[in-house]
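Novice: Residue numbers for the sequence shown, in the working numbering: 7 to 974. Think of the CB as a built atom: it goes at the ideal place given N, C-alpha and C, for glycine as much as any other residue. The structure follows.
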Amino acid sequence: MWLTVVFVLPFLGSAVAALLPTHARNLESLAAGLVALAVLVPLALVYPDIRDGHVIVERLAWLPSLGLDLVVRLDGFAWMFAMLVAGMGLLVVVYARYYLSPHDPAARFYALLLGFMGSMLGVVVSGNLLQLVLFWELTSLFSFLLIGYWQHRRDARRGARMAFTVTAAGGLALLAGVLVLGQIVGSHDLEVVLEAGERVRAHPLYPLALGLVLLGALTKSAQFPFHFWLPHAMAAPTPVSAYLHSATMVKAGVFLLARLWPVLAGTDAWFWIVGGAGLATLLLGAYVAMFQNDLKGLLAYSTISHLGLITLLLGLDSPLAAVAAVFHIMNHATFKASLFMAVGIIDHETGTRDMRRLDGLFHAIPITGTLAMVACAAMAGVPLLNGFLSKEMFFAETVFLTANPLVEAALPVAATLAGLFAVVYSLRFGHDVFFGPLTRDLPRQPHEPVRWMRAPVDLLVLACVVVGVAPALAVGPLLATAALPVVGGNLPTYSLAVWHGVTSPLLMSLVALAGGIAVYRLFGERFKRRGARRVPLLGAFDGKRTFETLLVLASRGARQGLRLAGTRRLQPQLFWMLAVAGAAGLGSALIVPLVWGDRPRVPATPEFVMLWVLGGSAAIGAAVQAKFHRLAALTMLSVVGLVLCLTFAWFSAPDLALTQLAVEVVTVVLFLLGLRWLPRRVAQDDPLTAARALWRRRRDFVLAVAIGLGMAALSYAMLTRQAPQSISPFFIDRALPEGGGTNVVNVMLVDFRAFDTLGEITVLGIVALTVYALLRRFRPPRESIELPPQQRVVPASEQSDLLARPDRSEAAGGYLLVPSMLAQLVLPGAVVFALYLFLRGHNEPGGGFVAGLAVAIAFIAQYMVGGTRWVEDRANLRPPRWIGLGLLTALVTGLGALAFGHPFLTTHTAHVTLPLVGELHLPSAALFDFGVFAVVLGSTLLLLTALAHQSLRSRRKPPSPDRPGEAA
7 MWLTVVFVLP FLGSAVAALL PTHARNLESL AAGLVALAVL VPLALVYPDI RDGHVIVERL
67 AWLPSLGLDL VVRLDGFAWM FAMLVAGMGL LVVVYARYYL SPHDPAARFY ALLLGFMGSM
127 LGVVVSGNLL QLVLFWELTS LFSFLLIGYW QHRRDARRGA RMAFTVTAAG GLALLAGVLV
187 LGQIVGSHDL EVVLEAGERV RAHPLYPLAL GLVLLGALTK SAQFPFHFWL PHAMAAPTPV
247 SAYLHSATMV KAGVFLLARL WPVLAGTDAW FWIVGGAGLA TLLLGAYVAM FQNDLKGLLA
307 YSTISHLGLI TLLLGLDSPL AAVAAVFHIM NHATFKASLF MAVGIIDHET GTRDMRRLDG
367 LFHAIPITGT LAMVACAAMA GVPLLNGFLS KEMFFAETVF LTANPLVEAA LPVAATLAGL
427 FAVVYSLRFG HDVFFGPLTR DLPRQPHEPV RWMRAPVDLL VLACVVVGVA PALAVGPLLA
487 TAALPVVGGN LPTYSLAVWH GVTSPLLMSL VALAGGIAVY RLFGERFKRR GARRVPLLGA
547 FDGKRTFETL LVLASRGARQ GLRLAGTRRL QPQLFWMLAV AGAAGLGSAL IVPLVWGDRP
607 RVPATPEFVM LWVLGGSAAI GAAVQAKFHR LAALTMLSVV GLVLCLTFAW FSAPDLALTQ
667 LAVEVVTVVL FLLGLRWLPR RVAQDDPLTA ARALWRRRRD FVLAVAIGLG MAALSYAMLT
727 RQAPQSISPF FIDRALPEGG GTNVVNVMLV DFRAFDTLGE ITVLGIVALT VYALLRRFRP
787 PRESIELPPQ QRVVPASEQS DLLARPDRSE AAGGYLLVPS MLAQLVLPGA VVFALYLFLR
847 GHNEPGGGFV AGLAVAIAFI AQYMVGGTRW VEDRANLRPP RWIGLGLLTA LVTGLGALAF
907 GHPFLTTHTA HVTLPLVGEL HLPSAALFDF GVFAVVLGST LLLLTALAHQ SLRSRRKPPS
967 PDRPGEAA
């Protein structure tokens with residue numbers, strides 16, 4: 007499993023980097039570099055094992071019942087991309103050490119960079135399509151954080167939001183497409199999908215799957231019409247641009263197209279959609295790049311153009327074109343990353359990226375200027391550089407394409423025109439910036455950077471030259487290894503020779519070079535004057551403006567819908583929620599008749615009847631008292647909850663009864679704290695108002711009775727039917743031998759259905775944190791709050807003196823005498839009781855959930871006596887940390903099973919005999935149950951204390967007739 011460990015390293019490194027000192031650039035860059043090197047070296051050493059079409063697969067059982075496994079699959083194409091991700095990551099780490107300011111938070115930068123590296127590696131090596139989608143969305147998340155790294159800049163925040171919105175929306179489409187592919191193939195395993203190409207293309211759902219997958223790929227790789235987000239992502243630091251927007255993230259889309267090329271390619275729909283999007287992007291990006299005055303803007307649009315070139319090659323349905331696409335992926339990464347780094351050096355040394363202010367920099371930075379001009383020549387397709395070779399293969403594919411006659415005639419012309427544009431914007435970069443007299447009014451005096459900042463550029467430009475001069479020797483075997491899986495296992499015949507004679511592709515290259523030089527000589531100054539805001543013929547088409555307009559329209563529509571259908575009043579919300587639910591239930595009953603089953607009935611006993619007569623009376627009393635006194639209504643409602651607890655115990659469900667009892671206590675406290683938020687009742691002297699209130703109460707009564715009778719009928723129908731295939735015997739028979747416990751309910755929660763429980767406690771923690779975040783702005787100051795005597799809680803030390811006073815009846819009448827000493831004694835007892843419930847939960851009624859509630863109730867009792875200062879100063883509870891500890895414990899417990907080769911969250915049970923103690927039952931599920939305990943404890947405390955803080959704040963001012971609030 008060493009390969010899996012290698013690809014997990016960046017995530018571990020990200021966590022470590024986040025904990026290192028914020029501004030320790032040397033330490034942070036060293037740690038990040040070692041992580042990247044630890045990924046790169048094993049990948050390089052595994053090359054002999056994956057050449058000649060071999061595949062390495064490592065599989066960890068995750069959810070076998072659903073066919074979901076964690077699969078690491080490394081073939082030649084994945085190996086090439088993984089080497090690209092790790093190698094470029096290492097160079098960017100070295101470069102960023104000298105690029106970042108000492109004031110930039112280096113810990114956050116390197117943590118996010120390593121997190122993105124791990125996510126991108128996850129996309130590349132995923133052997134399961136659903137697993138690929140997960141890492142795909144992680145790349146969008148980390149890129150959002152990296153683009154917005156400089157949070158103080160408005161353009162960085164906007165660019166990050168735009169990039170995330172577009173790519174994450176495409177990711178959702180990709181998820182739907184992957185699900186459709188899985189439905190067609192019957193599996194999400196990549197091996198199975200790659201072998202089912204003919205079946206997929208012949209299936210009626212193929213157009214739907216193709217459209218959804220292409221939405222994900224085209225948005226990620228900034229293809230027309232989704233190209234507009236990439237230029238605005240240039241607000242990121244230059245190391246981020248060099249890594250994400252030239253070599254890795256934007257290549258994820260074309261990686262997916264190449265990965266699924268054997269499955270989805272070969273149809274007219276693929277040819278026209280993929281080829282059309284690629285051609286439009288190729289021409290549009292190259293054309294707009296000529297008019298950019300910001301160096302990073304020029305490189306952004308040139309990146310869009312080259313991504314369009316790769317997409318067009320993959321859309322041509324030719325194996326040789328697919329090989330050319332793989333080759334250009336490699337070449338583009340080298341010269342474009344070097345150019346981004348060169349731009350970063352220029353910006354770092356001069357203080358500007360505006361080409362209108364940059365002239366003659368070759369006099370100040372000759373070495374960097376030479377490197378940048380060589381990289382520009384590679385981007386333009388100059389012979390003896392790597393860009394020339396892949397561009398010549400591209401020209402050859404457009405010339406020898408067999409398709410519609412119009413396409414055969416127009417495609418070579420369009421390719422040559424795009425090559426001409428590339429020469430123009432490359433000349434604008436190389437000539438405008440480095441030639442001429444040196445500009446004197448720059449923000450900084452330029453000079454060569456330190457050697458190690460320039461070292462990554464040296465290596466990348468050297469690769470451009472070596473591959474361009476001796477391609478067959480330098481990159482031939484690597485290209486064959488990477489392209490073999492893309493074309494389906496049979497490589498076409500191709501040549502990497504530098505000279506093929508006088509051919510049509512060579513003539514197209516010469517025309518593009520000569521035409522580009524001529525256009526630059528004639529119109530170069532005009533391009534500089536016009537600038538990016540006035541691109542000829544495209545001034546009216548602005549993707550950013552269209553995107554923002556759509557966002558504004560969506561926001562307005564949402565607000566309008568909320569205004570029409572929403573209300574801040576709780577009563578209408580509950581009414582419509584119940585009404586819709588009742589209508590849905592009634593409609594279902596009309597479609598599937600609600601009939602009673604023939605299951606034998608259990609005879610009613612007098613005790614049970616009396617119990618529910620009491621419960622029904624309390625429910626009616628709660629409804630009646632709600633009109634007069636809310637506290638009395640809440641008390642009667644708690645009686646209904648107690649009756650429900652006794653009912654669970656009556657029907658031999660002690661776990662449910664115990665949990666329901668604890669939940670009832672917490673719910674009563676929650677309602678007590680919320681009573682103060684309810685609006686004050688006012689006397690209804692107006693007859694019309696009184697009549698409306700009476701009608702509303704009668705309407706609500708009818709709805710409540712109807713919903714209650716409907717739920718009773720549905721429950722009775724379900725309970726009286728014979729279950730055709732009951733799942734109870736399955737759990738009862740396997741609870742002890744496979745789960746290691748005799749409490750079937752607890753074994754189900756922490757073993758058989760532990761994945762569901764993990765999701766539930768995650769949701770619980772998120773809800774608690776969300777409520778806290780919404781209410782924290784209302785928290786009172788840390789100092790104690792003086793309350794009126796009628797609302798003051800008297801400590802135990804003052805209660806005896808108060809009661810000893812002669813006028814104690816009057817003095818005590820306005821005070822709330824709480825036995826705080828008793829509350830303090832309850833706390834250790836509750837902790838011991840909770841520990842007892844926790845330890846016995848695997849074999850007897852109990853468990854982490856109810857234990858967490860028990861401890862939370864004890865702490866809430868202390869809080870009610872001690873107030874805010876006890877929670878924050880003396881107890882130091884820190885509920886968010888309990889939530890984090892619980893989730894981490896539960897997750898680590900599940901991952902521990904994977905480490906031993908078992909499915910995620912598999913339980914292991916051990917029996918240990920200790921002296922004087924005897925035999926101990928130690929299931930690993932106890933650790934998971936502790937995670938449940940911690941999350942429940944932290945979430946309950948966070949919810950109740952956050953609400954109590956707000957309730958306490960609301961009492962700082964006495965209620966007034968025009969201010970909501972009612973003392974319970």
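Can you give the beta carbon distance from Leu305 to Lys257, rounded, assuming they're within the 8 Å contact cut?
Specialist: Indexing the sequence shown from 1 puts residue 305 at position 299. Indexing the sequence shown from 1 puts residue 257 at position 251. At roughly 15 Å, the Cβ-Cβ gap does not stay under 8 Å, so Leu305 and Lys257 are not in contact.
Novice: Taking just the CA atoms, how far does Val413 sit from Gly436?
Specialist: Counting from one through the sequence shown, the residue named residue 436 turns up at place 430. Counting from one through the sequence shown, the residue named residue 413 turns up at place 407. Roughly 34 Å between the two C-alpha positions.
Novice: Arg313 to Gly303, Cα distance in whole Å?
Specialist: In the sequence shown, counting from the first residue as 1, residue 313 sits at position 307. In the sequence shown, counting from the first residue as 1, residue 303 sits at position 297. Reading off the sequence shown, one finds Leu at residue 313, where the question assumed Arg. Each residue's Cα considered, the two are about 15 Å apart.
Novice: Who does Glu64 pair with in a DSSP beta bridge?
Specialist: The sequence position of residue 64 within the sequence shown is 58, counting from 1. Paired residue(s): Val78.
Novice: Would you grab the beta carbon distance between Phe426 and Gly366 for me? Rounded to a whole angstrom, and I think it's under 8 Å.
Specialist: Residue mapping note: residue 426 aligns to position 420 of the sequence shown, counting from 1. Residue mapping note: residue 366 aligns to position 360 of the sequence shown, counting from 1. Note that residue 426 is Leu in the sequence shown here, rather than Phe. Leu426 to Gly366, Cβ: 27 Å. No contact.
Novice: Name the DSSP bridge partner or partners of Leu263?
Specialist: Within the sequence shown, residue 263 is the residue found at index 257, counting from 1. According to DSSP, which records beta bridges pairwise, Leu263 is partnered with nothing at all.
Novice: Between which two residues does the alpha helix (DSSP H) harbouring Gly284 extend?
Specialist: Here residue 284 corresponds to residue number 278 of the sequence shown, with the count starting at 1. Asp274 to Ala295 is the extent of the alpha helix (DSSP H) around Gly284.
Novice: What does DSSP give as the partner residue(s) for Leu69 in the beta ladder?
Specialist: Numbered from its first residue, the sequence shown carries residue 69 at position 63. The partner list for Leu69 (beta bridge, DSSP) reads Leu74.
Novice: Rounded to a whole number of angstroms, what is the C-alpha to C-alpha distance between Ala489 and Ala328?
Specialist: Translated into positions along the sequence shown, residue 489 becomes position 483. Translated into positions along the sequence shown, residue 328 becomes position 322. Looking at the two C-alpha atoms, the distance is approximately 7 Å.
Novice: Once DSSP output is grouped into helix, strand and coil, what is the label at Trp8?
Specialist: Along the sequence shown, one-based indexing puts residue 8 at 2. Trp8: helix per DSSP, three-state reduction.
Novice: Just to confirm, is the Cβ distance from Met361 to Asn410 under 7 Å?
Specialist: In the sequence shown, residue 361 corresponds to position 355, counting from 1. In the sequence shown, residue 410 corresponds to position 404, counting from 1. In this structure, Asn410 does not lie closer than 7 Å to Met361 by Cβ.
Novice: Look up Asn410 in the DSSP assignment and say whether it is helix, strand or coil.
Specialist: Sequence index remark: in the sequence shown, residue 410 carries index 404 (1-based). Three-state result, Asn410: coil.
Novice: Touch check for the region 318-325 and the region 344-352: three-plus C-beta pairs under 8 Å?
Specialist: Verdict: no, contact absent.
Novice: Determine whether the beta carbon atoms of Phe346 and Ser252 lie at a separation below 7 Å.
Specialist: Within the sequence shown, the letter at position 340 stands for residue 346. Within the sequence shown, the letter at position 246 stands for residue 252. For Phe346 and Ser252, yes; Cβs fall inside 7 Å.
Novice: Please check the pair Gly222 and Gly165, which I expect to be a contact at CB under 8 Å, by giving their CB distance rounded to whole angstroms.
Specialist: Numbered from 1 along the sequence shown, position 216 holds the residue referred to as residue 222. Numbered from 1 along the sequence shown, position 159 holds the residue referred to as residue 165. Not a contact, Cβ separation roughly 21 Å.
Novice: CA-CA distance, Ala292 and Ala286?
Specialist: The sequence position of residue 292 within the sequence shown is 286, counting from 1. The sequence position of residue 286 within the sequence shown is 280, counting from 1. Approximately 10 Å between the Cα atoms of the pair.
Novice: Give the list of continuous alpha helix (DSSP H) stretches no shorter than 4 residues that lie fully inside the region 76-119.
Specialist: The qualifying runs are 82-105.
Novice: Around the Cβ of Tyr722, are there at least 16 other Cβ atoms within 10 angstroms (buried) or fewer (exposed)?
Specialist: By one-based count along the sequence shown, residue 722 stands at place 716. By the 10 Å Cβ count, Tyr722 comes out exposed.
Novice: I want to know whether the region 923-938 touches the region 900-915 - three or more CB-CB distances under 8 Å.
Specialist: The region 923-938, when compared against the region 900-915, does touch it at the 8 Å Cβ threshold.
Novice: Below 8 Å CB to CB, which residues in the same chain sit around Leu433 once its five sequence neighbours on both sides are set aside?
Specialist: Taking the first residue of the sequence shown as 1, we reach residue 433 at position 427. So the qualifying residues of the chain are Cys382, Ala386, Gly522, Ile523, Tyr526 and Gly530.
Novice: Nearest to Gly593 by alpha carbon, out of Leu544, Leu720, Val471 and Ala571?
Specialist: Within the sequence shown, numbered from 1, the residue matching residue 593 stands at position 587. Looking at the Cα atoms, Leu720 is the closest of the given residues.
Novice: Does DSSP classify Asp365 as helix, strand or coil?
Specialist: By one-based count along the sequence shown, residue 365 stands at place 359. The answer is coil: DSSP assigns Asp365 none of H, G, I, E or B.
Novice: For Arg163, which residues from the same chain have a beta carbon less than 8 Å from its beta carbon, with the 5 sequence-adjacent residues on both sides left out?
Specialist: Here residue 163 refers to the residue found at position 157 when the sequence shown is read from its first residue. Within the same chain, Arg163 has close Cβ partners Gly154 and Gln157.
Novice: Residue range of the alpha helix (DSSP H) that Ala668 falls in?
Specialist: One-based indexing of the sequence shown puts residue 668 at position 662. Element bounds for Ala668: Pro660 to Leu681.
Novice: Just mark Leu831 as buried or exposed, buried being the case when its beta carbon has 16 or more other beta carbons within 10 Å.
Specialist: Counting from one through the sequence shown, the residue named residue 831 turns up at place 825. Burial call: exposed.
Novice: From this set, Pro542, Gly59, Ile866 and Val674, which residue's C-alpha is nearest Leu290's C-alpha?
Specialist: The residue labelled residue 290 in the question sits at position 284 within the sequence shown. Residue Pro542 is the option with its Cα nearest to Leu290.
Novice: What does the Cβ neighbour count give for Gly892, buried or exposed, with the cut at 16 atoms within 10 Å?
Specialist: For the purposes of this step, residue 892 is taken as residue 886 along the sequence shown, with counting starting at 1. Counting Cβ neighbours within 10 Å, Gly892 comes out buried, since at least 16 surround it.
Novice: Measure the C-alpha to C-alpha separation of Ala857 and Val672 and round it to an integer number of angstroms.
Specialist: Taking the first residue of the sequence shown as position 1, residue 857 is located at position 851. Taking the first residue of the sequence shown as position 1, residue 672 is located at position 666. Approximately 13 Å between the Cα atoms of the pair.
Novice: May I have the straight-line CA-CA distance separating Ala668 from Leu568, to the nearest angstrom?
Specialist: Position 662 of the sequence shown, counting from 1, holds the residue named residue 668. Position 562 of the sequence shown, counting from 1, holds the residue named residue 568. Going from the Cα of Ala668 to the Cα of Leu568 covers about 37 Å.
Novice: Inspect the CB distances between the region 393-410 and the region 472-489 and report whether three or more fall short of 8 Å.
Specialist: Touching, per the Cβ criterion.
Novice: Assuming the contact rule is C-beta atoms closer than 8 Å, Leu236 and Ala228 should be a hit. Round their C-beta distance to whole Å, please.
Specialist: On the sequence shown, residue 236 is found 230 positions in, with the first residue counted as 1. On the sequence shown, residue 228 is found 222 positions in, with the first residue counted as 1. About 4 Å; that satisfies the 8 Å criterion.
Novice: Rounded to a whole number of angstroms, what is the C-alpha to C-alpha distance between Ala560 and Ala836?
Specialist: Residue mapping note: residue 560 aligns to position 554 of the sequence shown, counting from 1. Residue mapping note: residue 836 aligns to position 830 of the sequence shown, counting from 1. Whole-angstrom Cα-Cα distance: 51 Å.
Novice: Could you check where the alpha helix (DSSP H) with Ile351 kicks off and where it finishes?
Specialist: Position 345 of the sequence shown holds residue 351. Residues Pro325 to Thr356.
Novice: For a test of the three-state rule: what should DSSP assign to Thr317, helix, strand or coil?
Specialist: Start at 1 with the first residue of the sequence shown, and residue 317 comes out as number 311. Three-state DSSP puts Thr317 in a helix.
Novice: Would you decide whether Gln868 is buried or exposed? Buried here means 16 or more other CB atoms lie within 10 Å of its CB.
Specialist: Numbered from 1 along the sequence shown, position 862 holds the residue referred to as residue 868. So Gln868 ends up on the buried side.
Novice: Roughly how many angstroms separate the alpha carbons of Glu204 and Pro268, rounded to a whole number?
Specialist: Here residue 204 refers to the residue found at position 198 of the sequence shown. Here residue 268 refers to the residue found at position 262 of the sequence shown. Roughly 9 Å separates the two Cα atoms.
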